[in-house]
Amino acid sequence: MSASVDVSQLVQVVGDAIVVADPQNIITLWNSGAQKMFGFSAAEAVGQPLDIIIPERLRARHNEGYAKTMETGQTKYGSDLLKVPAAHKDGRAMSIAFTVALLHGAGGEVTGIVAVIRDETARFQEDRQLRKRVAELEAKLAATAG
1 MSASVDVSQL VQVVGDAIVV ADPQNIITLW NSGAQKMFGF SAAEAVGQPL DIIIPERLRA
61 RHNEGYAKTM ETGQTKYGSD LLKVPAAHKD GRAMSIAFTV ALLHGAGGEV TGIVAVIRDE
121 TARFQEDRQL RKRVAELEAK LAATAG
(Lines of atoms letter the chains of each structure in order from A and count residues from 1; the text may use other names and numbers.)
(Lines give C-alpha, C1' and ligand atoms only; values in the text may rest on other atoms or scores of the structure.)
Protein backbone atom coordinates (compact mmCIF):
# COMPACT_ATOMS: atom_id res chain seq x y z
CA MET A 1 0.00 0.00 0.00
CA SER A 2 1.46 3.35 -0.98
CA ALA A 3 0.56 6.47 0.92
CA SER A 4 0.32 9.84 -0.74
CA VAL A 5 2.85 12.36 0.56
CA ASP A 6 2.27 16.10 0.70
CA VAL A 7 5.70 17.17 -0.57
CA SER A 8 5.15 20.80 0.35
CA GLN A 9 4.41 19.82 3.94
CA LEU A 10 7.37 17.44 3.97
CA VAL A 11 9.75 20.21 2.89
CA GLN A 12 8.51 22.45 5.69
CA VAL A 13 8.58 19.92 8.54
CA VAL A 14 11.98 18.27 8.08
CA GLY A 15 14.61 19.39 10.59
CA ASP A 16 17.30 20.10 8.02
CA ALA A 17 17.36 23.31 6.03
CA ILE A 18 16.13 23.01 2.46
CA VAL A 19 17.06 25.92 0.23
CA VAL A 20 16.37 26.31 -3.48
CA ALA A 21 17.96 29.01 -5.63
CA ASP A 22 17.29 29.90 -9.25
CA PRO A 23 19.94 30.15 -12.01
CA GLN A 24 20.65 33.78 -10.99
CA ASN A 25 21.59 32.69 -7.43
CA ILE A 26 18.33 34.03 -5.97
CA ILE A 27 16.61 32.08 -3.20
CA THR A 28 13.19 30.78 -4.27
CA LEU A 29 12.46 28.35 -1.42
CA TRP A 30 13.45 28.62 2.24
CA ASN A 31 11.94 26.06 4.60
CA SER A 32 11.37 26.31 8.35
CA GLY A 33 14.61 24.38 8.97
CA ALA A 34 16.53 27.09 7.11
CA GLN A 35 14.80 29.75 9.20
CA LYS A 36 15.79 28.01 12.44
CA MET A 37 19.33 27.41 11.24
CA PHE A 38 20.20 30.78 9.71
CA GLY A 39 17.79 33.16 11.49
CA PHE A 40 16.18 34.65 8.37
CA SER A 41 12.44 34.19 7.91
CA ALA A 42 11.24 32.94 4.53
CA ALA A 43 9.94 36.47 3.83
CA GLU A 44 13.44 37.86 4.45
CA ALA A 45 15.33 35.18 2.50
CA VAL A 46 13.19 34.49 -0.58
CA GLY A 47 14.17 36.92 -3.32
CA GLN A 48 17.66 37.47 -1.86
CA PRO A 49 20.93 36.06 -3.23
CA LEU A 50 22.51 33.09 -1.47
CA ASP A 51 25.15 35.61 -0.34
CA ILE A 52 23.06 36.20 2.80
CA ILE A 53 24.41 32.94 4.25
CA ILE A 54 27.86 32.92 2.62
CA PRO A 55 30.74 34.55 4.48
CA GLU A 56 32.00 37.68 2.68
CA ARG A 57 35.45 36.20 2.00
CA LEU A 58 33.94 33.22 0.13
CA ARG A 59 31.28 34.97 -1.94
CA ALA A 60 33.33 35.64 -5.09
CA ARG A 61 34.49 32.02 -5.27
CA HIS A 62 30.98 30.71 -4.60
CA ASN A 63 29.39 32.98 -7.19
CA GLU A 64 31.96 32.00 -9.81
CA GLY A 65 31.34 28.29 -9.21
CA TYR A 66 27.59 28.78 -9.11
CA ALA A 67 27.57 30.63 -12.44
CA LYS A 68 29.69 27.90 -14.04
CA THR A 69 27.33 25.20 -12.75
CA MET A 70 24.29 27.04 -14.12
CA GLU A 71 26.04 27.62 -17.45
CA THR A 72 27.21 24.02 -17.92
CA GLY A 73 24.30 22.27 -16.22
CA GLN A 74 26.76 20.14 -14.27
CA THR A 75 27.97 20.14 -10.71
CA LYS A 76 31.23 18.47 -9.78
CA TYR A 77 29.85 17.68 -6.32
CA GLY A 78 27.13 15.20 -7.27
CA SER A 79 26.02 13.54 -4.04
CA ASP A 80 29.18 14.52 -2.11
CA LEU A 81 28.69 15.90 1.38
CA LEU A 82 30.16 19.40 1.33
CA LYS A 83 31.42 21.01 4.53
CA VAL A 84 31.88 24.78 4.46
CA PRO A 85 31.63 27.89 6.62
CA ALA A 86 28.37 29.83 6.60
CA ALA A 87 26.98 32.97 8.21
CA HIS A 88 23.97 33.40 10.51
CA LYS A 89 21.71 36.45 10.28
CA ASP A 90 23.23 37.77 13.52
CA GLY A 91 26.72 37.64 11.97
CA ARG A 92 28.08 34.64 13.82
CA ALA A 93 30.13 32.07 11.93
CA MET A 94 28.69 28.62 11.36
CA SER A 95 29.93 25.31 9.98
CA ILE A 96 27.47 23.52 7.71
CA ALA A 97 27.36 20.23 5.82
CA PHE A 98 25.12 19.86 2.78
CA THR A 99 24.34 18.05 -0.45
CA VAL A 100 23.23 19.75 -3.65
CA ALA A 101 21.26 18.67 -6.69
CA LEU A 102 20.37 20.45 -9.90
CA LEU A 103 16.70 20.98 -10.71
CA HIS A 104 15.53 20.74 -14.34
CA GLY A 105 12.52 21.98 -16.25
CA ALA A 106 10.40 19.93 -18.65
CA GLY A 107 12.79 20.76 -21.50
CA GLY A 108 15.83 19.63 -19.55
CA GLU A 109 17.05 23.15 -18.82
CA VAL A 110 18.51 23.89 -15.38
CA THR A 111 15.93 25.77 -13.34
CA GLY A 112 17.87 25.94 -10.10
CA ILE A 113 19.66 24.08 -7.40
CA VAL A 114 18.51 22.58 -4.13
CA ALA A 115 20.66 22.22 -1.03
CA VAL A 116 19.80 20.10 2.00
CA ILE A 117 21.81 21.59 4.86
CA ARG A 118 22.69 20.54 8.41
CA ASP A 119 24.30 22.74 11.06
CA GLU A 120 27.61 21.13 12.08
CA THR A 121 28.93 24.05 14.15
CA ALA A 122 28.91 22.29 17.54
CA ARG A 123 30.48 19.12 16.14
CA PHE A 124 33.14 21.10 14.28
CA GLN A 125 34.06 22.98 17.47
CA GLU A 126 34.23 19.72 19.45
CA ASP A 127 36.50 18.18 16.79
CA ARG A 128 38.77 21.23 16.86
CA GLN A 129 39.04 21.06 20.66
CA LEU A 130 39.81 17.34 20.50
CA ARG A 131 42.55 17.88 17.88
CA LYS A 132 44.04 20.64 20.05
CA ARG A 133 44.02 18.40 23.14
CA VAL A 134 45.63 15.51 21.22
CA ALA A 135 48.37 17.86 19.97
CA GLU A 136 48.99 19.09 23.53
CA LEU A 137 49.21 15.53 24.86
CA GLU A 138 51.53 14.45 22.02
CA ALA A 139 53.80 17.44 22.75
CA LYS A 140 53.84 16.59 26.46
CA LEU A 141 54.64 12.94 25.70
CA ALA A 142 57.44 13.93 23.31
CA ALA A 143 58.92 16.26 25.95
CA THR A 144 58.97 13.54 28.61
CA ALA A 145 60.33 10.90 26.21
CA GLY A 146 63.11 13.09 24.87
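Quick note on full-length UniProt numbering: the sequence shown kicks off at 1 and runs consecutively. Where is the CB? At the ideal position from N, CA and C, for every residue including glycine.
Check	Outcome
Whole-angstrom C-beta distance between Q48 and A42, which should lie under 8 Å	About 11 Å; that fails the 8 Å criterion.
Segment contact, 8 Å Cβ cut-off, at least three pairs: the segment 58-65 with the segment 139-146	no
Those runs of the alpha helix (DSSP H) which lie wholly inside the UniProt domain "PAC" (80-132) and span at least 4 residues	none
Segment limits, alpha helix (DSSP H) that includes L10	V7 to V13
Residue range of the beta strand (DSSP E) that includes T28	I27 to W30
C-beta contact flag for F124 and H88 at 8 Å	no
Nearest-angstrom Cα separation, counted from K132 out to V11	38 Å
Rounded straight-line distance, which links the Cα of R128 to that of S4	44 Å
Opening and closing residue of the beta strand (DSSP E) in which A21 lies	A17 to A21
Own chain residues within Cβ distance below 7 Å of V84, not counting five before or after	I96
I26 versus T111 - alpha carbon distance	11 Å
Separation of M70 from G135, as counted between CA atoms	Just to set this straight, residue 135 is Ala in the shown sequence, not Gly. The alpha-carbon atoms of A135 and M70 are separated by roughly 43 Å.
Beta-bridge partners of P49, as assigned by DSSP	I26
Which of helix, strand or coil DSSP assigns to A3	coil
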